[in-house]
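Notes follow once the structure below has been shown.
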Amino acid sequence: MRVFIVGFFIFLTLISLATAVEEDECDPIYEEWTADSECDFNCQDLCTPVQDICICREGYLRDLPTGRCIPEDQCTPAPESISLSCLEQ
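Those letters in the sequence shown? Residues -20 to -1, 1 to 69, by mature numbering (1 follows the signal peptide of the UniProt record, and there is no 0).
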């Protein structure tokens, strides 16, 4: 009987871990859970529609190379393409 009870509790624990909500994985300071959003705004100015994911809180933008949320004023803009008119012939 004891083995049955222990097995039952292990089963319940595994079920609860398998069905855990991913919301707990958001960084509590910089991110928040969203069910649906038009964009996960980022430093590179790319609009990426998202669903059921952590997005950056107000005042923070996602840095795509690192995947982390950083303050807006610390974003490094995407490099602009350089064109030399003297080479365009």
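No residue lacks a Cβ here, since even glycine has one placed at the ideal position from N, Cα and C.
In this text the structure is predicted, and so the values were computed from the model without any measurement.
Euclidean distance between Cα positions of residue i and residue j
i	j	result
I(-11)	F(-17)	10 Å
T28	S63	28 Å
L26	E18	11 Å
M(-20)	L44	54 Å
Q54	E5	24 Å
P8	T56	24 Å
Q24	G(-14)	51 Å
Helix, strand or coil at residue i [DSSP, three-state]
i	result
Q31	strand
I50	strand
R37	coil
E3	Model confidence at E3 stands at a pLDDT of 46, short of 50, so the residue's coordinates are unreliable; what they give is reported in the following sentence. Three-state result, E3: helix.
Residue i: CB within 7 Å of a non-hydrogen atom of the ligand GTP
i	result
C36	With respect to small molecules bound, the structure shown includes none, and the ligand GTP cannot be examined in it.
Limits of the beta strand (DSSP E) - the one that residue i falls within
i	result
T14	E11 to S17
CB of residue i within 8 Å of CB of residue j, strictly
i	j	result
residue 88	Y40	Coverage of the chain is limited to positions -20 through 69, which leaves residue 88 absent and any answer about it impossible.
D20	C36	yes
T46	V30	no
Beta-bridge pairing of residue i - partner residues as DSSP gives them
i	result
R(-19)	In DSSP, R(-19) forms no bridge with anything.
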